[in-house]
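Here the structure is laid out as structure tokens; the discussion comes afterwards.
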Amino acid sequence: SYFGDKSSCAENTSTWNLTSSSSVRGLNSTCIGKTPLSSSRSVCRSHTPLMRYSVTSSSAVSAHTVGSVIVAVVEGRGLARGEVGMASIDLKNPEVVLSQFADNTTYAKVITKLRILTPLEIIMSNTACDAGNTTKLFSLITEHFKNFIPYFRNVAFTTVQRKYFNETKGLEYIEQLCASEFSTVFMEVQSKYYCLAAAAALLKYVEFIQNSVYAPKSLKVRFQGSEKTAMIDSSSAQNLELVVNNRDSRNGHTLCGVLNYTKTPGGSRRLRSNILEPLVDAETINTRLDCVQELLQDEGLFFGLQAVISKFLDTEQLLSVLVQIPKQDTVKSAESKITNLIYLKHTLELVEPLKAALRSCNTPLLKAYYNSLEDTRFGIILEKITTVINDDTRYTKGCLSMRTQKCYAVKPNINEFLDIARRTYTEIVDDIAGMITQLAEKYNLPMKTSFSSARGFFIQMNVDCSTLPNGQLPSEFTKITKMKNTYSFTSADLIKMNERCQESLREIYHMTYLIVCKLLNEIYEHIHCLYKLSDIVSMLDMLLSFAHACTLSDYVRPEFTDTLAIKQGWHPILEKIAMEKPVSNNTYLTEGNNFVIITGPNMSGKSTYLKQIALCQIMAQIGSYVPAEYCSFRIAEQIFTRIGMDDDIETNASTFMKEMKEITYIIQNANDKSLIIIDELGRGTSAEEGIGICYAACEYLLNLKAFTLFATHFLELCHIDALYPNVENYHFEVQHVRSSAGNKEKIAYTYTLSKGYTEEKNYG
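The opening residue of the sequence shown carries number 2 in the working numbering; numbering runs sequentially from there.
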């Protein structure tokens, strides 16, 4: 059957002891021990206690919400220390992502991946968190999550016994749960012992907290290597305001906000992940750019696709619910399955319109999507659904409308008892409406029937309080609430009728659920085509968003060469918030001139210009057009920034300490394919020491051959071009203007970049 043998699908949760005797010292965290999990997710109310650590901070909490991703992390021991395995799954998307890589002592790759995932919960072995024997990896992760609260609200740390990190069990899980379409992942991961160990602990834990198991051959499993995307560390992402604004996390003044015109949750998630992990394969990027170009040139294609894509729901979340098998059948799980079958019908009915919109496309990627939509399984599933589900059953907004759709989803004459239950429900609803009409006539008041998911049916009316007898409603009405001139209330008889209505609904949902389960059993073997549909919809949504952004500004298609050349480029976020178009400037770096020193007074535009270059580089590498008249980029494998000079009180780090940590991190991790942005290094100490530090950093980076832009107030640094031919000096021009009185002189900023270093003296 669809539900299978539950005793064989999952072990009894009470036998899986998650308890850890360890405690974590030195953390400003709340330990919630020996209590069942409490969250918005469907959870198992087992008496098995958990050891959870909720990391919070005194910092203001960002409005940026943590996602629904759970991540398991494990590190090798002994000689294998530094080899890290990770496994993650989004509770709203049935895709397991496996990663394994060698990291250095800073664990930069681990931290970056965790920041991109924005996890709800992190699972680690209890041996990594034992009191007095805490591993460096655990310490760094918890420290990072405390310090970057603007990105992470309340991440829970859960420890499980080391025995659950079992690579053999992990491989068995993958073989059992991975859909046949993605079976090639076996070849990639069969020797990746640490990511398999992480997968074993992750999947076991998710089954435990969700109180459900995944159906066999139902999950998409993917191995994600670190070499396929560019690395942007968390500090750089924060400095560049890629997904969260530093001043106000609730506004959209970020790169993601500039480009986000997506219509679906999946498209928005894909855009965010691409911005944080840009592509490094020029062929793949150009394939995306070809699509954006065609969308811009063909208005019919653009508006046709946009109209269809906007009707899609969250396909990934739909898949997640369909492939999970609840361990207990409840009214809530029954209602959820019925709702998601309606969503599935709605989604499949959009396949043909999407094909029609793509029929005239010319680019290879869009043609490939069209061919994928020719899959006969879409039609097979829809045909089986329409034999059971009413043709006019639709996804609708509004809780009462959706309740009606669920009640009458199954066609009549399939189940006699269901038909009787639905007639009973209809009679009760009609009786409620009739009773409220009688009350309105009895008291001569403009009463009308209203409904909410919390209250059920209730009475509502708009009337001035002064028109009521004694300024009050009749005594038979209870639970009265008033907002301005709108009264909401009920009565004892109406409460009883609501209870009868709920009982009738439970019967309808139960019988409908049995029919839906039988239907799902029939279509289950074909349902994996929805993974491809989900991928197509999210990618098209993102590409449409890129094209939409281009129509609002004069962006240009980037080229990819060995040169970083931008003609009259400008800052994309500044353009969105400024009253006037920002001043545009040129940029030119080659392998022979890979190091640019930029000088100029405060507020002359240095920091904005540096951020602009990094943002343009990222936009180009995700397949977007770029704000410039012309641009050419060298693919950057890593993007580093060192911007700002603030203290960090929470970690007791002075400005100087932060500077040294950041520049050390860059020196340890950068390579010749990196883009490095450094703004005013050495301001946290004396001028003499600052110059020495800058000179040493410059000499190292000059020999590295990375593309580096170095803004500084130390004019002595400009003379390094006499020793290194690959150094270029530029400055931001200013003009001296006398006041109208003629006795004072002030600086007028032009925000224009010019060759050579500044001649301004005595400025800060």
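Cβ atoms here follow ideal geometry from the backbone N, Cα and C, with glycine treated the same way.
Here D563 has T591, E592, R635 as same chain residues with Cβ atoms under 8 Å from its own Cβ, once five neighbours each way along the sequence are excluded.
In chain order, A73, V75, G86, M87, A88 place their CB closer than 6 Å to the CB of A199, counting only its own chain and leaving out the 5 sequence neighbours on each side. Here DSSP, grouped into helix, strand and coil, assigns F187 to helix. The C-beta distance from F158 to M125 rounds to 7 Å, short enough to fall under 8 Å.
The beta carbon of I509 sits closer than 7 Å to the beta carbons of C408, L419, A422, R423, Y426 from its chain, once the five residues preceding and following it are set aside; these are given in chain order. If only complete runs of 4 or more residues are kept, the segment 543 to 579 shows the alpha helix (DSSP H) at 573 to 578, in order along the chain. Taken in chain order, the whole alpha helix (DSSP H) runs of length 4 or more contained in the segment 307 to 350 are 316 to 323, 332 to 349. The segment 700 to 715 and the segment 662 to 673 touch, with no fewer than 3 CB-CB distances between them shorter than 8 Å. In the three-state reduction of the DSSP assignment, H732 falls in the strand class, which pools E and B. A direct Cα-Cα distance of roughly 8 Å separates Y610 from W571. Secondary structure at A103: strand, using DSSP grouped into helix, strand and coil.
Taking the Cα positions, G399 is about 50 Å away from K137. Check the Cα spacing between R223 and each of T255, S181, I481: the tightest is with S181. Look at the beta carbons and you see the segment 524 to 536 not touching the segment 553 to 567: under three pairs across the two are nearer than 8 Å. Non-local C-beta neighbours of P327 in its own chain, meaning closer than 6 Å and more than five positions away in sequence, comprise S213, S334, ordered along the chain. Straight across, the Cα-Cα distance linking K312 with R271 is about 18 Å. Taking one beta carbon from each stretch, the segment 624 to 631 and the segment 277 to 290 have 3 or more pairs nearer than 8 Å; the two touch. For I310 and K229, the gap between their C-alpha atoms comes out near 28 Å. Q406 is positioned such that its CB atom lies no closer than 9 Å to that of T388. Taking each of Q618, P628, T438 in turn and checking the Cα distance to K582, the smallest one comes out for P628. Contact between the segment 720 to 732 and the segment 698 to 705 is present: 3 or more CB-CB pairs across the two stretches fall below 8 Å. Within the segment 586 to 622, the complete alpha helix (DSSP H) segments at least 4 residues long are 607 to 622, listed from N- to C-terminus.
DSSP places C699 inside the alpha helix (DSSP H), whose first and last residues are 688 to 705.
Counting only the Cα atoms, I429 lies some 43 Å from S269.
DSSP places K662 inside the alpha helix (DSSP H), whose first and last residues are 656 to 670.
Relative to S655, the option among T686, S675, I677 whose CA is nearest is T686. When C-alpha distances from G691 are compared across I567, E660, E500, the shortest belongs to E660. Between A615 and L277, the CB-CB gap reaches or exceeds 9 Å. Note: H737 is bridge-paired with I748 in the DSSP secondary-structure output.
In terms of Cα proximity to T513, the closest of I598, I567, Q298, P413 is P413. Taking C-beta atoms as the reference points, P447 and N463 count as a pair closer than 9 Å. About 15 Å separates the Cβ atoms of A637 and Q613, ruling out a contact at the 8 Å cut-off. In the three-state scheme derived from DSSP, where H, G and I count as helix and E and B as strand, Y488 is classed as strand. In the DSSP assignment, the residues bridged to C179 are L220. Put simply, the backbone Cα of E84 is about 14 Å away from that of F139.
Burial check for A308: the Cβ neighbour count within 10 Å stays below 16, so the residue is exposed.
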